[in-house]
Amino acid sequence: MPPVTNPFPDDPEKAEVFELGYLTGFQDPAGNDSNFLPLTPDLLDIYVQGAEAGREDAHSSPVSDDAMKWVAKSDLDPTAESSSDEAIEHLTVFTIFKIAEELTGKAIFGLFDLIITAVGIQGNVSPEQFRPLDDDFSEDFNGPDPDEVFYVAACPRKDHPQVEVGVSPDGFWSGTASHDFKDALREAMHHEHRESLIARCDTGAQTCSVVWLAEPTQ
Ligand SMILES: [Zn+2]
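First residue of the sequence shown? That's 5 in the numbering used here, and the numbers climb one at a time after it.
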């Protein structure tokens with residue numbers, strides 16, 4: 005399947021909304037569509053278009069490994085018997101892949117300052133100093149990563165109440181940086197918006213991209 009591209013490259017507002025929709029549909033393909041971002045009818049159409057593209061990608065394998073399938077947020081959702089924390093605890097064999105750059109680039113760029121603040125290296129770095137991970141990046145989860153690798157849950161919506169912890173003046177939200185992907189995943193799952201994502205920043209290699217998890221197909 006050819007990779008999905010953003011149909012609004014020349015319109016930043018529409019491109020961003022398409023991207024938000026994509027992230028939501030991709031990470032939470034079975035999610036409840038009534039919880040969409042409040043948008044004008046025009047933009048809502050674009051958001052839904054993005055969500056559909058994301059959904060489609062969620063049901064295919066990561067580009068670099070067709071023996072894996074993406075894990076949906078709904079697979080980690082709390083039920084009466086268990087919590088998402090428990091589901092995350094029981095995730096044993098999984099791999100972290102980069103999500104399509106073209107469809108997460110604006111989100112990561114918008115969130116960069118906040119993520120870098122969470123990582124604790126703000127002040128001297130700009131987004132331009134960091135490059136994206138290679139498209140075929142993957143890493144098997146074996147517990148916490150080395151000191152220079154950080155995972156941060158963040159949300160590219162701009163409607164977070166300023167009084168909330170981790171909210172930037174622009175209205176974006178980020179969680180706490182951790183060397184353990186599972187910590188960021190827990191925070192992303194506890195965040196109230198389906199758009200929440202996980203950034204993987206390597207301060208040694210100076211890379212920063214949006215990543216998500218996949219598990220072996222049975
Ligand atoms: Zn949010």
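Heads up, the beta-carbon is just placed ideally off N, CA and C, and yes, glycines get one too. Just so we're clear, the structure is a prediction, and the values are computed from it rather than from any experiment.
Subject >> Cβ distance (whole Å) where residue 206 is taken to contact residue 156 below 8 Å >> reply: For this step, residue 206 is matched to residue 202 along the sequence shown. For this step, residue 156 is matched to residue 152 along the sequence shown. Actually they do not touch by this definition, with Cβ atoms about 12 Å apart.
**OP:** Give the DSSP bridge partners of residue 73, in chain order.
**Re:** Within the sequence shown, the letter at position 69 stands for residue 73. Its beta-bridge partners are 219.
**OP:** Would you mind sorting residue 222 into buried or exposed? The rule is 16 or more other CB atoms within 10 Å of its CB.
**Re:** For the purposes of this step, residue 222 is identified with residue 218 of the sequence shown, where counting begins at 1. Result: exposed.
Original post:
Leaving out the 5 sequence neighbours to the left and right, which residues in its chain are closer than 8 Å to residue 217 when beta-carbon positions are compared?
Top reply: Here residue 217 refers to the residue found at position 213 when the sequence shown is read from its first residue. Excluding positions up to five away in sequence, the list reads 74, 75, 95, 98, 99, 100, 101, 145, 185, 189.
Original post:
Under the three-state reduction of DSSP, which class applies to residue 120: helix, strand or coil?
Top reply: For the purposes of this step, residue 120 is taken as the residue at position 116 of the sequence shown. Reduced to three states, the DSSP call for residue 120 is helix.
**OP:** For the alpha helix (DSSP H) holding residue 89, just list the boundary residues, first then last.
**Re:** By 1-based counting over the sequence shown, the position of residue 89 is 85. 88-93 is the extent of the alpha helix (DSSP H) around residue 89.
**OP:** Measure the CB-CB distance between residue 201 and residue 160 and report whether it falls below 8 Å.
**Re:** If you number the sequence shown from 1, residue 201 lands on position 197. If you number the sequence shown from 1, residue 160 lands on position 156. Yes; because the gap between Cβ atoms is below 8 Å, this pair is in contact.
**OP:** Can you say whether residue 83 is buried or exposed, counting buried as having 16 or more other CB atoms within 10 angstroms of its CB?
**Re:** Mapped onto the sequence shown, residue 83 falls at position 79. Exposed is the call here.
**OP:** Report the rounded CA-to-CA distance for residue 148 versus residue 183, giving the unit in angstroms.
**Re:** Residue mapping note: residue 148 aligns to position 144 of the sequence shown, counting from 1. Residue mapping note: residue 183 aligns to position 179 of the sequence shown, counting from 1. Distance between the alpha carbons of residue 148 and residue 183 is about 5 Å.
Original post:
When the distance is taken between beta carbons, is residue 105 closer than 8 Å to residue 213?
Top reply: Counting from one through the sequence shown, the residue named residue 213 turns up at place 209. Counting from one through the sequence shown, the residue named residue 105 turns up at place 101. Going by C-beta atoms, residue 213 is nearer than 8 Å to residue 105.
**OP:** Let me have the residue list for ligand 3: C-beta closer than 7 Å to any non-hydrogen atom, ordered along the chain.
**Re:** The model on display carries ligand 1 but not ligand 3.
**OP:** Answer with buried or exposed for residue 31, where buried requires no fewer than 16 other C-beta atoms within 10 angstroms of its C-beta.
**Re:** Translated into positions along the sequence shown, residue 31 becomes position 27. So residue 31 counts as buried.
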